[in-house]
Every structure is written in structure tokens, then in C-alpha cells.
Amino acid sequence: MQNYNNFQEVKAIYDFDIEVKTIFYPLLVRIETSLKNRLIDYLVKDDNSDMESIYQNKLNDYEAKPVGNKEYKKYLNKKLELRNKIDSTIAYNYSKGHPCIQHFFHSSKPLPLWAYFEVTTMGEFGNFISCMNISYRIEFTQDMNMHHTGFNQNGRMLENIIFCLTGIRNATMHNSMIFDCRFNNSNFSSQLIKYLENCTGIKNIDFESIVDFLVLLIFLMKKQYTTKTELNRVVSQFDKKRELLYTSIPMKAYSEILGTDARKKIEGLKEYISNG
């Protein structure tokens with residue numbers, strides 16, 4: 024527990040948290056929407072677009088494992104658990120009167136993938152990708168310009184990214200505190216960390232500081248061909264709030280929240296944006 028000298032220092036942290044969520048919220052929405060839309064385009068290209076057909080034919084990662092072994096059972100169970108989650112998500116949204124879901128059921132038409140993605144959570148989206156055949160996972164990350172033979176041999180880079188973002192996405196959407204990364208409840212993939220460090224040139228990423236999530240968001244926005252002007256604007260907005268926090272609370276508290284290398288990582292982000 025950090026000791027503060029006065030109420031203004033507590034308020035400075037509260038204000039920093041609110042302002043960071045204001046910066047992150049539109050980025051998270053944009054990234055989630057873009058990933059879902061691009062995966063829809065990839066999976067339904069020249070093929071059936073209904074959810075059931077995709078579930079049966081393109082979510083069979085377990086088949087790449089020897090029948091009956093530990094990995095086979097693990098990923099077959101994941102697919103079966105996803106089936107239950109899909110059904111419960113659709114049933115819940117139907118009961119709540121979601122017009123899109125009700126339309127397809129009342130019309131006796133198969134539910135298209137885009138309708139399911141409209142109501143699914145980000146965590147469920149990550150599980151969906153986890154169940155995809157390895158060839159589809161790798162080819163899709165290639166389409167996204169995120170495949171790397173050294174870090175994505177198993178094609179799990181994108182699901183690792185999504186699971187990494189799920190906690191901060193949910194905390195931001197529900198207006199929970201994010202400044203100290205208290206939403207973290209899982210171990211982050213070392214594969215993802217090494218990949219992100221390799222791509223950005225920024226070291227010591229561990230996702231224990233909110234700055235590291237900014238690095239991941241900027242990386243994803245850049246992969247979506249966001250302009251350098253917009254990326255620099257986002258980083259500058261964050262950096263102004265970081266600097267204000269730096270001057271408003273004790274150094275020990277600041278270091279515990281943002282680490283001792285936050286400024287260095289911000290400079291690294293600016294250099295990453297300027298390159299390419």
C-alpha cells in the first residue's frame with residue numbers, strides 16, 4: 024500500500040486512470056472491430072458464411088494431433104466448450120431481443136459468422152481463433168502481416184494478442200481501474216513478448232505496466248495502416264498524462280505504477296512509429 028501526502032496526489036492517480044481509459048477506449052474498439060471484420064472476410068471468402076459450417080469445417084485444430092493423446096483431447100475439449108459457449112451466447116442474445124439474432128431464427132436461416140461476432144465477447148473471440156485449424160491461423164496472420172517464422176510457428180500469435188487485450192478491454196469498457204494493471208489475471212505469452220520486443224525494438228516488456236499495453240495497441244494500429252500522424256497523436260496524449268502524473272505524486276509511487284523506464288519506452292515508441 025502506497026502512502027500519499029495529500030488528497031491531491033490520490034486525485035492525480037484517479038485522473039490519470041480516467042484519462043488513459045479515454046485514450047485507450049476508442050483504440051480497443053477499433054482494434055477489436057477490425058480483427059473480427061478481417062477474420063470474417065478471410066473465413067467466408069469463396070465459401071459458406073454460416074456459423075455452423077465454419078464450426079464444423081474450420082475449427083478443427085485438434086485433428087492435427089495424434090488421435091487420443093493429451094493434446095488431441097485438450098483441443099477437442101476446447102472445441103466442445105466453445106460449442107457450449109456459442110449456443111449460450113446466441114440463446115442469451117435471442118432472449119434479450121437482439122434484432123439480428125432474432126431475425127435469422129425467425130426467418131429459419133442459418134446464423135452467419137458476422138452475426139455471431141457481433142454479440143461475442145473478446146475472450147470468446149480468442150477461443151474461437153484458438154480452435155481454428157493451424158493452416159488457417161498461420162495464413163490469417165500472414166494476411167495481417169503478423170506472421171513470423173521465429174515466433175509464430177504454431178500460429179498462436181493472434182490468440183495470444185487477443186487474450187492479452189481481453190482484461191484491459193473489459194476493465195476499460197466497465198470503467199474499472201486500469202492504471203496499475205490490476206485487471207491482469209493470467210500469464211502473458213513469452214512468445215508474444217519476444218515478438219513485440221523484436222518488432223518494436225522496445226525492451227523489458229512484461230505487461231506489468233500500462234505503458235506496455237500502449238506499446239501493443241500502437242503496434243496493432245500500425246499493422247492496420249494507421250497514419251504516423253494519428254499514432255504520434257495517441258502517444259503524445261498518453262505522454263502528457265504520464266508527465267503530469269510524474270510531477271504530481273511521489274517518485275516511489277510513480278515508479279511502482281509505471282516502472283522506471285516508462286519515458287524510455289515512450290521514446291522507443293516514437294522511433295518505432297517513425298520507422299516504416
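Sequential numbering of the sequence shown, starting at 24, is according to our numbering.
C-beta: ideal position from N, C-alpha, C; glycine also.
### Residue from Ile184, Asn29, Phe30 and Val43 whose Cα sits closest to the Cα of Glu266
Val43
### Buried or exposed (CB count within 10 angstroms, at least 16 for buried), Arg179
buried
### Query
Which residues in the same chain as Met24 place their Cβ atom closer than 8 Å to its Cβ, once the five residues preceding and following it in sequence are excluded?
The predicted model places Met24 with a pLDDT of 48, which falls under 50 and marks its position as unreliable; any figure quoted below should be read in that light. Here the set comprises nothing.
### Query
Would you call the CB atoms of Val257 and Leu243 closer than 9 Å?
no
### Message
Please list the terminal residues of the continuous alpha helix (DSSP H) segment that includes Ala138.
### Response
Leu136 to Val142
### Message
For Lys251, tell me which candidate among His197, Asn28, Asn298 and Thr270 has the shortest Cα-Cα distance.
### Response
Asn298
### Query
Taking C-alpha atoms, which residue in Phe186, Asn177 and Tyr139 lies nearest to Pro122?
Tyr139
### Query
From Gln125 to Thr249, what does the alpha carbon distance come to, in whole angstroms?
36 Å
### Task
Using a threshold of 9 Å, state whether the C-beta atoms of Ile77 and Val90 are closer than that.
no
#### Entry: Three-state secondary structure assigned by DSSP to Asp229
coil
### Message
With the cut-off set at 9 Å, would you say Phe163 and Leu181 are in Cβ contact?
### Response
yes
### Message
Going by DSSP in three states, Asp73 sits in which element: helix, strand or coil?
### Response
strand
### Query
Three or more beta-carbon pairs under 8 Å between the stretch 102 to 122 and the stretch 146 to 154, yes or no?
yes
### Query
How many whole angstroms separate the CB atoms of Leu281 and Ile241, which I take to be in contact at a CB cut-off of 8 Å?
So it is not a contact: roughly 16 Å between Cβ atoms.
### Task
Give the straight-line distance between the Cα atoms of Asn28 and Ile191, rounded to the nearest whole angstrom.
29 Å
### Task
May I have the straight-line CA-CA distance separating Phe211 from His129, to the nearest angstrom?
42 Å
### Message
Please list the terminal residues of the continuous alpha helix (DSSP H) segment that includes Glu104.
### Response
Lys93 to Ser118
### Nearest residue (CA-CA) to Asn177, options Phe230, Ser278 and Ile157
Ile157
### Task
Using three-state DSSP, classify Val90 as helix, strand or coil.
coil
### Query
What three-state label does DSSP hand Ile18 in the structure shown?
As shown, the chain starts at 24 and ends at 299. That puts residue 18 outside it, with no answer to give.
### Task
Using three-state DSSP, classify His171 as helix, strand or coil.
coil
### Task
Could you give the DSSP three-state label for Asp341: helix, strand or coil?
A question about residue 341 goes unanswered here, because the residues of the chain that appear run from 24 up to 299.
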